[in-house]
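Using my numbering, you'd call the opening residue of the sequence shown number 37 and step up by one each time.
Input: a single structure, listed below in structure tokens.
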Amino acid sequence: MAFELHPQLAADTFLVRDEEDLLLLMMNDQQYPWFIVVPKQNNVSEWHHLTEEMQVRLHLYCVELGKAVASTFGSSKINTAALGNMVSQLHVHVIGRNQQDPCWPKPVWGQLAAIPMDESEVKERSDKMNRYFSSI
Numbered sequence: 037m038a039f040e041l042h043p044q045l046a047a048d049t050f051l052v053r054d055e056e057d058l059l060l061l062m063m064n065d066q067q068y069p070w071f072i073v074v075p076k077q078n079n080v081s082e083w084h085h086l087t088e089e090m091q092v093r094l095h096l097y098c099v100e101l102g103k104a105v106a107s108t109f110g111s112s113k114i115n116t117a118a119l120g121n122m123v124s125q126l127h128v129h130v131i132g133r134n135q136q137d138p139c140w141p142k143p144v145w146g147q148l149a150a151i152p153m154d155e156s157e158v159k160e161r162s163d164k165m166n167r168y169f170s171s172i
């Protein structure tokens, strides 16, 4: 069965990278460098539902993504979370934060409405992440 991305994730994000076993998405909100990693497995809602090998793969990818966000966007704090309360499909948020962002130090969820990015910003941010991951 082909992998299906949850419709809400598809509506809220842009595809940055399509890896063999996971997707790297970018949230459509210019206020933060906000990325989402989704294992390409249907009917998985919890990290512990993954095989041990995939758990490690997801963990290491999110760690590397955190490094990428910190170095590329100058984020002083990386928020990493897998909530799944609104969208049950397993996905991990990796969000670059700093003391100047609009809702610091509160969490990004439920604070402010998203401010959509224009095409050039989407391309710029995507290109930065693709360059980073292509170089490692």
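For every residue, glycine included, the Cβ atom is placed at its ideal position computed from N, Cα and C.
Terminal residues of the beta strand (DSSP E) in which residue i lies
i, result
"F39", "Premise fails: F39 is in no beta strand (DSSP E) and is neither H nor E."
"D54", "T49 to D54"
"L60", "L58 to M63"
"S70", "Checking the displayed sequence, the identity of residue 70 turns out to be Trp instead of Ser. Element bounds for W70: W70 to P75."
Integer Cβ distance of residue i from residue j, believed to fall under 8 Å
i, j, result
"T116", "C139", "Actually they do not touch by this definition, with Cβ atoms about 17 Å apart."
"L101", "V74", "In fact, because the Cβ distance is near 12 Å, the residues do not count as touching under 8 Å."
"G132", "A106", "7 Å"
"L126", "S81", "6 Å"
"Q66", "E160", "About 11 Å; that fails the 8 Å criterion."
With 16 other Cβ atoms within 10 Å as the buried cut-off, status of residue i
i, result
"R167", "exposed"
"V128", "buried"
"L58", "buried"
"P153", "One detail in the question is off: residue 153 reads as Met in this sequence, not Pro. M153 should be labelled buried."
"M37", "exposed"
"M122", "exposed"
"A104", "buried"
"D137", "buried"
"I151", "exposed"
"L51", "exposed"
"L61", "buried"
Segment limits, alpha helix (DSSP H) that includes residue i
i, result
"M165", "E155 to S170"
**Report entry** Completely contained beta strand (DSSP E) runs for the stretch 89-151, where each covers 3 or more residues
**Finding:** 113-117 and 128-133
Requested in this report: Report yes or no: do three or more beta-carbon pairs, one from the stretch 144-160 and one from the stretch 66-76, lie closer than 8 Å?
Outcome: yes
Query raised in the report: Counting Cβ pairs closer than 8 Å, one from the stretch 87-94 and one from the stretch 46-58, do we hit at least three?
Result: yes
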